[in-house]
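One structure below.
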């Protein structure tokens, strides 16, 4: 393949301040950076590999003679320049979890240039999960999906794998019939018929963080929701997926009223097989979703609101490195709650905010008030692509935003946040940048307001600042009273449970005494039907309580759940609970994990291996 001259595409800036430096990449973007990726790849389901050509557009500094990419197990066969001439390349020493530098000699020449890399991803590339037909709902066709965040896309795409080096992209992917390929970009042209294979082309003409390049392929079908929204899923799950996501178009409208236009064209979703390791992944134009959010009553569709909100916070404005993940997740968690309030009212929003606050309190208590990981901006001593605590990055970040909103007033806060998105659209950002923006555009020349907001303490200090806005205790007054009564010997609130929302049920489970006898657990299960619960969030809460009390009747159900679900949020805590139960739980954990591990994505096994396979 001989690359053509590079097209003129939208180029995002790269930040050069010290706090924007990304230690998880080998790239030196100040010398030579990738601005566009063009993929021409074939999916090989038999070998569980993907390979072909990646053509990269580069922007180089005067005198630059090489470009450094991130490589994690790629098998490079050839690199050429725009004229087809061979370019020398070397792969440096690999570091576990980070991969190796791929250094390509590009000579001297024009500021803009193009190179082509012929390669194959190694078998077992960690971003990709290849599922056998029996691991899917339809049981007839294999399935593939990718998960690139934080730094896994370097296992299947040779590029500069850093959120601060935004890139446009285009991809032509071939797959065997009858599989359909979807990606996190807009479809280009008609599907090509190649005999026993088909080719699908997608493009993203706006610069995105490279971890947002995503692919899925399998026996999937599409159903429209609104003029710019729809959902993909396996045919067997499409009806349930469509029902659960039916409010998505309304969510897009609500989000736009809050913080400005949706800038990505379409907002589609795909409900993946249950081995997907996250609740959702905000891949632009195509959010990836776990089937565990399908509860039948849309009570867990806050997940959709969260991933949609990422279209502004995370995708539009992205943390320049992983020290500032809260800029993506904390701002998004706040935005999610505002969407929920707009669609479903303040009661549901306040309850979900209260659950989030409790998650944060639990994380802070477990970590300790002086733990540097409890600061929003992670210091260099603990920073890394997988560092940080969820209760801090998501929940403390949301509480920070809610606190600022409360102090300055919602209209003023909303105007500020919208201008933040508008003025930094398609660009990377840092904690220092949002702090400076708040001081300039919210605080101004008001020292009293600056004192009340405590902005620096929120971002750079561990623990919870004294001005944190706490949830309204009325949000769960009835539930908390019922849990307290039960804990002091009262009966199971069976009638109340029947009318409670999912948030109220989760609050009740969280407030139960942590030590229960087998008889008490049996009575609770019988009264509330917990073992037959169809809502995976509630079922998970029940299994956590049961296993922590060594409740034998729950073990078969836990085995079934861990074999069915690959979502790390559920899988890792359950194995951690079992491992914490000594001679009772540890053999169970090891036996179950030996069976279920092959069905999990590398994101999940990367966490659970450390829990279950650790040396005593």
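In the working numbering, the protein residues as written are 8 to 623. C-beta atoms are modelled at their ideal positions from N, C-alpha and C, and glycine is treated no differently.
{"query": "Alpha-carbon spacing of residue 127 relative to residue 75, whole angstroms", "result": "18 angstroms"}
{"query": "Stretch-stretch touch, CB-based, cutoff 8 angstroms, three pairs: the region 306-314 with the region 282-292", "result": "yes"}
{"query": "Supposed contact pair residue 164 and residue 188 - C-beta distance, whole angstroms, cut 8 angstroms", "result": "Actually they are not in contact, since the Cβ atoms of residue 188 and residue 164 sit about 15 angstroms apart, beyond 8 angstroms."}
{"query": "CA nearest to the CA of residue 41, picked from 83, 69, 159, 174", "result": "174"}
{"query": "Given residue 145 as reference, the closest of 225, 118, 84 once Cα atoms are compared", "result": "225"}
{"query": "Minimum C-alpha distance to residue 385 - residue among 573, 20, 26, 450", "result": "26"}
{"query": "DSSP state of residue 26 mapped onto helix, strand, coil", "result": "helix"}
{"query": "Segment contact flag, the region 56-69 with the region 117-131, C-beta cutoff 8 angstroms, min 3 pairs", "result": "yes"}
{"query": "Between the CA atoms of residue 43 and residue 19 - distance to the nearest angstrom", "result": "11 angstroms"}
{"query": "The ligand MN heavy atom lying under 7 angstroms from the CB of residue 69", "result": "Summarising the ligand content, the structure contains no ligands, and the ligand MN is consequently not present."}
{"query": "Test item: CB-CB of residue 357 and residue 280 under 8 angstroms", "result": "no"}
{"query": "Alpha-carbon to alpha-carbon, residue 604 and residue 265", "result": "42 angstroms"}
{"query": "Option nearest residue 420 by Cα separation, candidates 488, 392, 341", "result": "341"}
{"query": "Bridge-paired residues (DSSP) for residue 446", "result": "DSSP output for residue 446 lists no bridge partner at all."}
{"query": "Residues bridged to residue 176 [DSSP beta-bridge criterion]", "result": "44, 211"}
{"query": "Cβ-Cβ separation, residue 437 to residue 331 (assumed contact under 8 angstroms), whole Å", "result": "6 angstroms"}
{"query": "Exposure label - residue 282; buried when at least 16 CB within 10 Å", "result": "buried"}
{"query": "Proximity of residue 327 and residue 77 at Cβ, strictly below 8 angstroms", "result": "no"}
{"query": "Spatially closest choice to residue 104 from 593, 80, 86, by CA coordinates", "result": "80"}
{"query": "Terminal residues of the alpha helix (DSSP H) in which residue 563 lies", "result": "562-571"}
{"query": "Euclidean distance between Cα positions of residue 11 and residue 337", "result": "Legend: pLDDT at residue 11 = 47, less than 50; position of this residue unreliable, value from coordinates given subsequently. Taking the straight line from one Cα to the other gives about 42 angstroms."}
{"query": "DSSP state of residue 117 mapped onto helix, strand, coil", "result": "coil"}
{"query": "Cut-off 8 angstroms between Cβ atoms - residues of its own chain near residue 607, not counting five sequence neighbours on either side", "result": "282, 284, 573, 578, 615"}
{"query": "Residues of its chain near residue 525, where Cβ-Cβ distance is below 7 angstroms and the 5 sequence neighbours each way are ignored", "result": "558"}
{"query": "Three CB pairs or more closer than 8 angstroms across the region 194-205 and the region 101-117", "result": "no"}
{"query": "Residue burial classification, residue 147 (beta-carbon count within 10 angstroms, cutoff 16)", "result": "exposed"}
{"query": "Coil, strand or helix - residue 232 by DSSP", "result": "strand"}
{"query": "Integer-rounded CB distance, given that residue 73 should sit under 8 angstroms from residue 39", "result": "7 angstroms"}
{"query": "Same chain, Cβ closer than 6 angstroms to residue 13, five either side skipped, listed in chain order", "result": "At residue 13 the pLDDT is 49, less than 50, meaning the model places this residue with poor confidence; the figure from the coordinates comes in the next sentence. The answer, listed in chain order, is 64, 119, 121."}
{"query": "Terminal residues of the beta strand (DSSP E) in which residue 169 lies", "result": "Element bounds for residue 169: n/a, residue is neither H nor E."}
{"query": "Inter-stretch contact (C-beta, 8 angstroms, three-pair minimum) for the region 207-215 and the region 249-267", "result": "no"}
{"query": "Opening and closing residue of the alpha helix (DSSP H) in which residue 346 lies", "result": "333-351"}
{"query": "Supposed close pair residue 158, residue 61 - CB separation, criterion 8 angstroms", "result": "Contact flag wrong, Cβ pair sits at about 17 angstroms."}
{"query": "Residue 55, DSSP secondary structure in three states", "result": "coil"}
{"query": "At least 3 beta-carbon pairs within less than 8 angstroms: the region 395-415 vs the region 462-478", "result": "yes"}
{"query": "Complete alpha helix (DSSP H) runs within the region 413-457 (minimum length 4 residues, chain order)", "result": "417-430, 438-445"}
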